[in-house]
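Below: one structure, written as structure tokens.
Residue numbers (the working numbering), protein chains in the order written: chain A, 1 to 341; chain B, 1001 to 1341.
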């Protein structure tokens, strides 16, 4: 039985039209209109209101048998999104429940409470906060800091891509652990945000050059924890200054995703063997059992004001591809969301 | 009150006489005879019967503020050992209980049930098996395979130092996980043991040269899990053939411990960033809460015959330093123990 909230008779979607080659572009997506799907036993129909995009989504569009989220041409583009249940065949998730999950670039989607990353948004938590903190950005930052980096009071923690969705949470988690935290970002405005709003002890604008010297000036003893979102030359600079017992949380390599030339060769990688205690590529799929505890910890931090978030909101369903593409150009500050209602 | 088992009035000990410089030698130890200590409240007096040595012990003798087990000149040389409680001020560990712990190179030692690595040896488990499986060798192999390597059926697992105490357990744990397991060792006899007794699918005698070609021949698709006990050129060869999603359990670098020249520079370490999903230096201190479960899992394997162990036993208290020194020459096969009673 359809709920009364299903007002439109069409379901707008963006499908993957082509596997990306170099820069992601709007023609890599096809806009289609289909009918609204019917939920089966135990399933719910979600009307999506807000979509979250993140750099890792490009990786789901390329052919990669190692990525459990890999998509095919013709699939609805995947993404975290939040909305409201408008039909329900599951008593645990009645009509009207606010939920989030891997709903993708679509107005309506059939889902199930046991789907990967599906969760009910707690009362009192704004949808934007839920998409920022409870989804892959917050969970990945938590995995990288609480389970890999484990910064100790007084240790030196360096975060690249620090003004992005993951990086900005990673900075705050490290700061709460009592570390000396430095963020790397690509503009004076982003660096100001890191220091003045998020509490970083220092910030490095990589566009000013000589990253090595900037790291040395802010962390003369060397790096204990490096949280990497960018790869490439910045990763190499960090590896040049890790000290014995250091930990590396390898979240992403945004500087390399769109490189179609030869892979970047970091000259300092032997330091991983010499000095690094733990290096981990952050894979959320391996840690699903821990999500409820991590979400609870971060909800408490939102409630008491100790975890700030910043949203870069675009409006309009038609802007979904553009919202994703601008992540790779560095235009966004904080979490990129697209409101589609 | 002294138990009747305290028959001798002297307590033989080896103290650290000098921090090792290059090859470890007998003159790095001082033999002394002292009086038998008295256990305080909650403590027990243990008469040591059997001492286990392992390559990592040299690391506790050098100056290293990062090593929580670091010892000073004049300290009793540390080592895992097993024996019997001969005096007890603790009702949980009565006289006659067989125990193991970090008792060191001594006839008698005062200990406490809450001391690091202290455990009661279960009835029916031989002391040799306890020192092999329950102590740092077995626990380290378990950490490296069950928590870092996590081999899946059909994956390629390579273990260096495979005929050593840790390596031989690592090989068997990987085999039980259904992996294709290859061990690297330094003699035909050791390679035969790996394949014919421990169930390895192949073995590489590194003294025959061209390790790269030997790895390619046995694992043409590349390495999924590498468990490293040796470092140096063998580690570099393994890094040259890791594939996407691989895991590295970094246990030890025995080939480098006694090198006083420039550190070995692996040329293939950029592959860690390109391909490796998880690299961890195995640190037992971080995992004490898991020891009981790991010991129980391995006790079950000893009982059902699925975990074999091989002991290389020396006799005599005076042979304690020699038993340690011969580890670095590759003379031992399996776990090196010294019986001192």
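Think of the CB as a built atom: it goes at the ideal place given N, C-alpha and C, for glycine as much as any other residue.
Of A:105, A:94, A:74 and A:184, the smallest CA-CA separation from residue 322 of chain A is found for A:105. Counting only the Cα atoms, residue 14 of chain A lies some 10 angstroms from residue 26 of chain A.
Contact between residue 131 of chain A and residue 50 of chain A is confirmed by a C-beta separation of about 6 angstroms, below the 8 angstroms threshold.
Taking a Cβ-Cβ threshold of 8 angstroms, the residues of chain B close to residue 276 of chain A are 1279 and 1281, in chain order. For residue 253 of chain A, the CB contacts under 6 angstroms within the same chain, skipping 5 residues up- and downstream, are 231 in chain order.
For residue 270 of chain A, the chain B residues whose Cβ falls inside 7 angstroms of its Cβ are 1265, 1266 and 1269, in order along the chain. With fewer than 16 neighbouring CB atoms inside 10 Å of its own CB, residue 65 of chain A falls in the exposed class.
Judged by DSSP in its simplified three-state form, residue 1312 of chain B adopts strand.
With fewer than 16 other Cβ atoms inside 10 Å of its own Cβ, residue 1033 of chain B counts as exposed. Where residue 48 of chain A is concerned, the enclosing beta strand (DSSP E) starts and stops at 44-52. In the DSSP annotation of this structure, the continuous segment of the beta strand (DSSP E) that includes residue 1339 of chain B starts and ends at 1335-1339. Only residues of its own chain outside the window of five on either side were considered, and among them 1045, 1087, 1089 and 1110 have a CB closer than 6 angstroms to the CB of residue 1039 of chain B, listed in chain order.
Leaving aside the five residues that flank residue 1100 of chain B on each side, the residues in its chain whose CB is nearer than 7 angstroms to its CB run, in chain order, 1080, 1081, 1082, 1119, 1121, 1130, 1131, 1134 and 1135. A straight-line Cα-Cα distance of about 21 angstroms links residue 183 of chain A and residue 326 of chain A. Under the three-state reduction of DSSP, residue 1264 of chain B is assigned to coil, being neither helix nor strand.
Interface with chain A (8 angstroms Cβ-Cβ cutoff): residue 1273 of chain B is included. Here DSSP, grouped into helix, strand and coil, assigns residue 1061 of chain B to helix. Every alpha helix (DSSP H) of 4 residues or more that sits fully in the region 1056-1126 of chain B is shown, in chain order, as 1057-1061. Under DSSP, residue 1033 of chain B forms a beta bridge with B:1012.
Cβ-Cβ distances below 7 angstroms link residue 197 of chain A to 308 in the same chain, with the five nearest sequence neighbours on each side left out; the list follows chain order. For the pair residue 1272 of chain B and residue 1242 of chain B, the Cα-to-Cα distance works out to about 8 angstroms. Annotation for residue 1139 of chain B: the continuous alpha helix (DSSP H) segment containing it runs 1136-1142.
If you draw a 10 Å sphere on the C-beta of residue 1171 of chain B, you find 16 or more other C-beta atoms in it, and that means buried. Here residue 1070 of chain B is not near residue 1161 of chain B, since their CB atoms are 8 angstroms or more apart. Its Cα nearest to that of residue 177 of chain A, the residue A:147 stands out among A:188, A:206 and A:147. Between residue 185 of chain A and residue 203 of chain A, the gap from beta carbon to beta carbon is short of 8 angstroms. Setting aside the 5 residues that flank it on each side, residue 310 of chain A is surrounded in the same chain by 334, each with a C-beta closer than 6 angstroms to its C-beta; the list follows chain order. Counting the other CB atoms within 10 Å of its CB gives residue 1167 of chain B a total of 16 or more, which places it among the buried residues. Taken through DSSP and simplified to helix, strand or coil, residue 1145 of chain B comes out as helix. Look at residue 1245 of chain B here: in three-state DSSP terms it is strand. Of all alpha-carbon atoms in B:1205, B:1199 and B:1179, the one lying nearest the alpha-carbon of residue 1190 of chain B is that of B:1205.
Residue pairing by DSSP places residue 227 of chain A opposite A:159 and A:249 in a beta bridge. Unbroken beta strand (DSSP E) runs of no fewer than 3 residues, entirely contained in the region 149-208 of chain A, are found at 156-159, 180-185 and 202-205, following chain order. Excluding sequence positions up to five before and after residue 1194 of chain B, its CB lies within less than 7 angstroms of the CB of 1162, 1163, 1171, 1183, 1185, 1200 and 1203, all in the same chain and listed in chain order. Closest in alpha carbon position to residue 1250 of chain B, among A:279, A:250, A:263 and A:237, is A:279.
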